[in-house]
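**Q** One structure follows; several queries about it will come next.
Protein chains: 2
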Amino acid sequence: MTYEDAISALADPTRRAIIDRLRAGPAPVGTVADGLPVSRPAVSQHLRVLSDAGLVVMTPRGNHRLYSLAPTGIDSLRHYLDSLWDDALAAFQREAEALAKQKEQKK
Amino acid sequence: MTYEDAISALADPTRRAIIDRLRAGPAPVGTVADGLPVSRPAVSQHLRVLSDAGLVVMTPRGNHRLYSLAPTGIDSLRHYLDSLWDDALAAFQREAEALAKQKEQKK
DNA sequence: TATCTATGTAAGTCATGACTTACGAAGATG
DNA sequence: CATCTTCGTAAGTCATGACTTACATAGATA
Numbered sequence: 174m175t176y177e178d179a180i181s182a183l184a185d186p187t188r189r190a191i192i193d194r195l196r197a198g199p200a201p202v203g204t205v206a207d208g209l210p211v212s213r214p215a216v217s218q219h220l221r222v223l224s225d226a227g228l229v230v231m232t233p234r235g236n237h238r239l240y241s242l243a244p245t246g247i248d249s250l251r252h253y254l255d256s257l258w259d260d261a262l263a264a265f266q267r268e269a270e271a272l273a274k275q276k277e278q279k280k
Numbered sequence: 174m175t176y177e178d179a180i181s182a183l184a185d186p187t188r189r190a191i192i193d194r195l196r197a198g199p200a201p202v203g204t205v206a207d208g209l210p211v212s213r214p215a216v217s218q219h220l221r222v223l224s225d226a227g228l229v230v231m232t233p234r235g236n237h238r239l240y241s242l243a244p245t246g247i248d249s250l251r252h253y254l255d256s257l258w259d260d261a262l263a264a265f266q267r268e269a270e271a272l273a274k275q276k277e278q279k280k
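If you read the protein sequences in the order shown, they are chains A and B.
Just so you know, we're using the working numbering here: the first sequence kicks off at 174 and counts up by one.
Just so you know, we're using the working numbering here: the second sequence kicks off at 174 and counts up by one.
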């Protein structure tokens, strides 16, 4: 359930396709698999990974199981990226200033 | 240079370690490799991937090459996650409302 | 120019993980 | 109770990619 789990979970294209399907709303495994070029067990395994990463939650509905997006895992990733973003921006600004000072000296 | 490139680039632990090193400031390949348990060519290859993903930029400095964080690739990932976050939150709220209505009927 | 430093690339090895089919379990339905 | 639906898990296959060593190149330096 760390942000690292979320990243490696989202790194797979098939899993991103599953996430995309769930953006429209909750769906059972079979329905998700119907819209994808992989087998149903494959989707099942992917949903397991997504669930472990906190990106998806499952709620039993009688015979089947509804999967829906979960904010938790996504949030941890957002925090990591925001922090990284700050540092990258700072590095970029420092470099820009250094470049400006370099030009200044050439005057 | 898409957000998908950025995700799969950040999915690797070694590459995240390289990124972490660069958060402290720009560094040449050798310096980065010294702080890691992998060989210098491995770091070189990773930096190539990070560069292709727009997460890192290289600036030649005489004999060596300085690598530093780049905001571009990070930003694309942030946009994707923000959008995903919105949908996840909406799904979560719908589910909460449905649950509340369910409880209401049980009264 | 000869050499040392700093780096990228080539080629090959090996582990991880994404996929398949086969099977078993749990709830709905006749 | 028997069967159908919906799903998860086990076992095995195969491709991707992370790593290594060996080699080639470009700039600094004596």
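Quick reminder that beta carbons are idealized off the backbone N, C-alpha and C, glycines included.
Hey, A:V205 and A:I192: beta-carbon distance below 7 Å or not?
**A** By one-based count along the first sequence, residue 205 of chain A stands at place 32. By one-based count along the first sequence, residue 192 of chain A stands at place 19. Contact flag unset, no.
**Q** Quick one: what's got a C-beta closer than 8 Å to B:S256's C-beta in the same chain, skipping five residues either side?
**A** Indexing the second sequence from 1 puts residue 256 of chain B at position 83. Nothing meets the Cβ criterion.
**Q** Going by Cα to Cα distance, which pick from B:A273, B:A264, B:A226 is closest to B:D185?
**A** Here residue 185 of chain B is taken as the residue at index 12 of the second sequence, counted from 1. If we check each option's Cα against that of B:D185, B:A226 comes out closest.
**Q** Identify the contact partners of B:D260 in chain A, using a Cβ-Cβ distance below 8 Å as the criterion.
**A** As a first step, residue 260 of chain B must be located in the second sequence, where it is residue number 87. Going along chain A in sequence order, the residues near B:D260 (Cβ under 8 Å) are R196, L242.
**Q** If you draw a straight line from the C-alpha of A:L239 to the C-alpha of A:V211, how long is it?
**A** As a position in the first sequence, residue 239 of chain A is number 66, starting the count at 1. As a position in the first sequence, residue 211 of chain A is number 38, starting the count at 1. Taking the straight line joining both Cα atoms gives about 19 Å.
**Q** So which residues on chain A does B:L250 lean against when the C-beta distance must stay under 7 Å?
**A** Here residue 250 of chain B refers to the residue found at position 77 when the second sequence is read from its first residue. Within 7 Å Cβ-Cβ: L254.
**Q** Tell me the rounded alpha-carbon separation between B:P201 and A:L228.
**A** In the second sequence, counting from the first residue as 1, residue 201 of chain B sits at position 28. In the first sequence, counting from the first residue as 1, residue 228 of chain A sits at position 55. The straight-line gap from Cα to Cα measures roughly 36 Å.
**Q** What residues from the region 181-193 of chain A come within 8 Å of chain B, judged by C-beta to C-beta, listed N to C?
**A** Answer set for the region 181-193 of chain A: S181, L183, A184, P186, R189, I192.
**Q** Figure out for me which residue from A:G246, A:W258, A:A263, A:D260 has the closest Cα to the Cα of A:L183.
**A** To locate residue 183 of chain A, count along the first sequence from 1; it is residue 10. It is A:G246 whose Cα lies nearest to the Cα of A:L183.
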